[in-house]
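K.L.:
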Amino acid sequence: MFGQLADGFLALTDPVTFLYLVGGFLLGIVFGAIPGLTATLAIALLLPFTFGMKVADALVMVAGIYMAGIYAGSITGITLNIPGAPSGAITTIEGNALMKRGEGVQALGVSALSSAIGGLIGTVVLISLAQPVSSLALLFQTPDKFSLVLLAIVTVTIVSQGSLLKAAVAMAIGLMISTVGMDPMAPVGRFDFDSYHLIEGVGLLPAVIGLFAICEMIAQSGIPAKLVQGVAAGQVARPRRRDFIPRREQLRQIGIWNSVKSSVIGVVIGMLPGGGASMASFIAYADAKRGSKHPEQYGKGSYEGLAASESANNAMCGGAVIPLLTMGIPGDAVTAIIFGVLLIHGLVPGPALLGANFPLIAPMFAALFVASIFVFLSVLAFGPVYLRLSQINRGFLYAFIGLISMVGVYASSFSIFQMWMALAIGVLAYFLRRFGYPVVPALMGVILGPYFEEFLRRSLIVSEGDPTIFLRSPASVVLLVMTAAFVWFLRIRPARLAAAAAKKGEGA
Amino acid sequence: MTRRVTGQVLFAFVLLGLNTVYASQVLEMPFPFATGEPGPAFMPMLLCGLVYLGVLKILINEFRSPEPAPEVESALSAIPRLGIVGPLAAIALIGLFVIVFFYAGYIVAAAFYTFAISLFFNYEQSGSWGRSVIFAVLTSAAITVFGWLFFVKLFGLYLPMWEL
């Protein structure tokens with residue numbers, strides 16, 4: 008394994024592969040930093056082009072976007088109080104408070120350093136755990152696989168923001184989209200309305216482009232620019248590059264233990280389906296505050312809180328890739344699209360992937376490691392530019408996204424019908440979003456739907472329709488108990504506590 | 041007093057309508073376990089039921105909640121009623137792009153599409169036609185050429201050019 012891993016690092020010395028890593032990293036920075044654009048969207052736009060790339064180049068570029076995109080969410084959060092991505096929301100609290108105190112440049116430096124530490128720790132854990140977890144996953148039987156997919160589907164639904172009902176409906180819509188086309192187990196078409204286009208099913212690419220790129224463009228066209236680009240460019244200072252290096256007293260204030268602990272929290276949350284960068288940063292931040300000697304500084308500009316949040320959300324990247332590669336279960340939108348990238352290249356994520364194809368995946372591990380280092384180097388190189396990223400002309404930006412996404416769909420399938428499909432899914436996604444239905448569960452439904460249905464039906468065929476088959480295997484029982492525990496701890500218990508607190512408030 | 045029908049309620053009815061179209065196809069399949077196996081209709085039937093129940097509950101919650109205040113038009117944009125006009129324009133432009141792409145090829149479709157989108161966003165922001173048109177022309181030329189270089193030259197993918 009170590010030899011193959013070393014080969015993965017060596018693959019990055021190929022100038023073309025290295026350029027893909029740098030290109031992906033810069034794309035991730037731009038998309039992560041601009042409010043409304045995300046790493047998910049950047050990888051979705053990249054998806055059509057991966058057809059023409061070598062598998063190593065595609066995975067390396069995706070890794071660069073992922074690591075950079077998660078980090079860059081903090082940039083406009085710190086400078087403008089508008090997080091570029093949801094993962095930067097917690098960082099924004101401390102980072103922007105520091106910015107208002109005149110320490111914005113230092114906040115950007117600490118944010119980059121902490122993200123780099125988190126990213127490195129996450130990648131090391133990924134490299135260490137990937138193969139042992141794969142070996143364990145090989146023992147899974149069909150009912151266990153069903154329970155695992157159910158865990159992912161339920162968790163992604165319950166961690167969505169807003170109404171649980173709407174998240175469940177969005178997930179069901181995604182699953183419904185996945186049922187269009189040939190039945191996975193019988194030679195019959197479903198929901199094809201006698202169209203030969205629909206019998207092929209809804210492709211992953213139009214679904215991803217529609218749910219993210221088209222939906223985003225439609226949504227942005229209804230938001231006034233003055234609302235998005237609230238702060239004038241002139242208000243942002245022009246610092247020197249060396250100002251971005253964190254000072255010794257700040258590093259002492261943060262503490263190495265704080266960064267390591269937050270990174271471990273990030274990795275663990277990343278491994279859970281539906282965990283995501285936002286949850287990782289929030290839990291690490293809350294934990295750091297609980298154990299801090301200066302909890303009173305939190306919310307008013309704490310370097311400790313900033314570092315905890317940033318270490319965790321970048322450590323999450325390595326953690327989130329573990330269930331994807333070892334069990335074939337994407338835990339969030341980005342890993343769901345990486346799932347698509349692997350499929351496009353004929354690699355099926357799951358327990359067997361790392362056995363036969365480790366040499367193909369190793370460059371991605373190496374790229375995550377190197378991209379983590381790039382995160383810190385990038386703030387030294389481009390720090391002054393970061394302060395102005397959110398001011399890119401929206402006309403140029405959305406014309407670019409609109410064209411690349413639609414032509415990308417065509418170029419990957421040579422089908423005008425798939426372009427219409429992307430538009431239809433984009434319009435549906437826009438209305439879902441507008442009326443408070445989260446889009447990520449829908450994407451997870453589209454991706455996990457075929458597996459969910461196949462494992463469910465196979466299990467029921469074996470048991471002759473007896474649903475207790477899911478309670479006969481220890482692994483399946485553990486996964487079902489985990490699902491129930493997540494529902495209890497993430498939805499039911501907080502709702503009861505909130506209701507009790509509201510009652511208490513009324514009584515007082 | 042009658043309650044105002046909100047977009048939220050209308051959208052819930054649209055989802056119910058789409059779910060009914062989906063359900064009509066499920067009814068054409070063999071009933072689950074009719075042959076002893078779950079069959080192709082099993083999961084779609086479960087999903088249909090879930091969506092009916094979920095959307096009906098959303099509708100009930102919506103009717104029980106206090107009536108939302110009417111949206112106040114934002115004065116931040118040069119385009120009146122941007123929240124409705126913007127998305128409609130974007131959807132129309134994308135649809136038009138697909139049609140023009142099919143009949144006239146990449147160059148014409150891309151140039152028109154990027155010009156129109158850039159013009160829309162720039163005019164919305166600045167309120168100045170002259171400046172927006174100049175910027176849109178430059179944006180359109182740059183992105184159309186970039187797209188051609190990117191797709192055709194860099195990745196070697198085929199785009200309809202009609203021998204242009």
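Chains as they are written, first to last, in the numbering used here: chain C, 8 to 515; chain H, 41 to 204. Built from N, CA and C at the ideal position, the CB exists for glycine as well.
#1: Return the CA-CA distance between H/V66 and C/C222, expressed in angstroms with no decimal places.
#2: Could you check where the alpha helix (DSSP H) with C/Q148 kicks off and where it finishes?
#3: Name the chain C residues whose beta carbon is nearer than 7 Å to that of H/A181?
#4: Give the DSSP-derived three-state secondary structure of C/R197 in the structure shown.
#5: Are C/F477 and C/F58 touching if we call contact CB-CB under 8 Å?
#6: Check whether the segment 304 to 313 of chain C touches the segment 98 to 112 of chain C, counting contact only when three or more Cβ pairs, one atom from each stretch, lie closer than 8 Å.
#7: Does the distance from the C-beta atom of C/P55 to that of C/V341 stay below 8 Å?
#8: Does the distance from the C-beta atom of C/T130 to that of C/G325 stay below 8 Å?
#9: Mind listing the chain C neighbours of H/K97? Cutoff is C-beta to C-beta under 7 Å, in chain order.
#10: For C/G188, which beta-bridge partners are listed by DSSP?
#11: Select from C/L33, C/I77, C/L28 the residue whose C-alpha is nearest the C-alpha of C/D64.
#12: Which word fits C/A195, buried or exposed, when buried means at least 16 other C-beta atoms lie within 10 angstroms of its C-beta?
#13: Under 8 Å between beta-carbons, which chain C residues line up against H/Y198? List them in chain order, please.
#14: For H/G57, count neighbouring Cβ atoms within 10 angstroms of its own Cβ and tell me buried if that reaches 16, exposed if not.
#15: Determine the DSSP secondary structure at C/T47, reduced to helix, strand or coil.
#16: Less than 8 Å between C-beta atoms, sequence neighbours within five positions excluded: which residues of the same chain meet that for C/D294?
#17: Can you find a C-beta in chain H that's less than 8 Å from the C-beta of C/R401?
#18: Is there contact here, the segment 168 to 184 of chain C with the segment 84 to 93 of chain H, by at least three beta-carbon pairs under 8 Å?
#19: DSSP three-state call for C/R498: helix, strand or coil?
#20: Quick one: which residues of the segment 458 to 471 of chain C get their C-beta closer than 8 Å to a C-beta of chain H? List them in chain order.
#21: Use the C-beta contact count for C/R249: other C-beta atoms within 10 angstroms, 16 or more gives buried, fewer gives exposed.
#22: Please confirm whether C/A175 has its beta-carbon closer than 8 Å to some beta-carbon of chain H.
#23: Is the shortest distance between the beta-carbon of C/I184 and the beta-carbons of chain H less than 8 Å?
#24: Return the first residue and the last residue of the alpha helix (DSSP H) that C/Q168 is part of.
#25: Please identify the residue among C/P356, C/A79, C/G402 whose C-alpha is closest to the C-alpha of C/A144.
#26: Using three-state DSSP, classify C/V355 as helix, strand or coil.
#27: Assign C/Y203 to one of three DSSP states: helix, strand, or coil.
#28: Any idea if C/D151 is buried or exposed, counting beta-carbon neighbours within 10 angstroms, 16 or more meaning buried?
#29: Does the distance from the CB of C/Q559 to the CB of C/Y405 come in under 8 Å?
#30: Does C/P358 get closer than 8 Å to chain H when you measure Cβ to Cβ?
#31: Within this structure, are the beta carbons of C/G125 and C/S299 separated by less than 8 Å?
#32: Closer than 8 Å, CB to CB, is C/I221 near chain H or not?
#33: Can you tell me whether C/M76 is buried or exposed, with buried defined as 16 or more other CB within 10 angstroms of its CB?
#34: Please report the distance separating the alpha-carbon of C/M278 from that of C/M323.
#35: Less than 8 Å between CB atoms is the rule here; does C/I160 satisfy it with respect to chain H?
#36: Relative to the alpha-carbon of C/V67, which residue among C/V377, C/S419, C/R401, C/V484 has its alpha-carbon at the smallest distance?
P.N.:
Result, derived from the coordinates:
#1: 29 Å
#2: Per DSSP, C/Q148 belongs to no alpha helix (DSSP H) and is neither H nor E.
#3: The premise fails here: H/A181 is roughly 11 Å from chain C at the closest Cβ pair, so nothing lies under 7 Å.
#4: strand
#5: no
#6: yes
#7: no
#8: yes
#9: L172
#10: C/R197
#11: C/L28
#12: Sequence inspection shows Val at residue 195 of chain C; the Ala mentioned does not correspond to that position. Classification of C/V195: exposed, given that the 10 Å Cβ count is below 16.
#13: A418, F421
#14: exposed
#15: helix
#16: K268, S269, I272, A315
#17: yes
#18: yes
#19: helix
#20: F459, E460, L463, R464, L467, I468, E471
#21: exposed
#22: yes
#23: no
#24: Neither: C/Q168 is in no alpha helix (DSSP H) and is coded neither H nor E.
#25: C/P356
#26: coil
#27: coil
#28: buried
#29: Chain C is shown from 8 up to 515; residue 559 of chain C falls before or after that span and cannot be answered.
#30: no
#31: no
#32: yes
#33: One point to set straight first is that residue 76 of chain C is Gly, not Met, in the sequence displayed. The residue in question, C/G76, is buried, as its Cβ has 16 or more Cβ neighbours within 10 Å.
#34: 8 Å
#35: no
#36: C/V377
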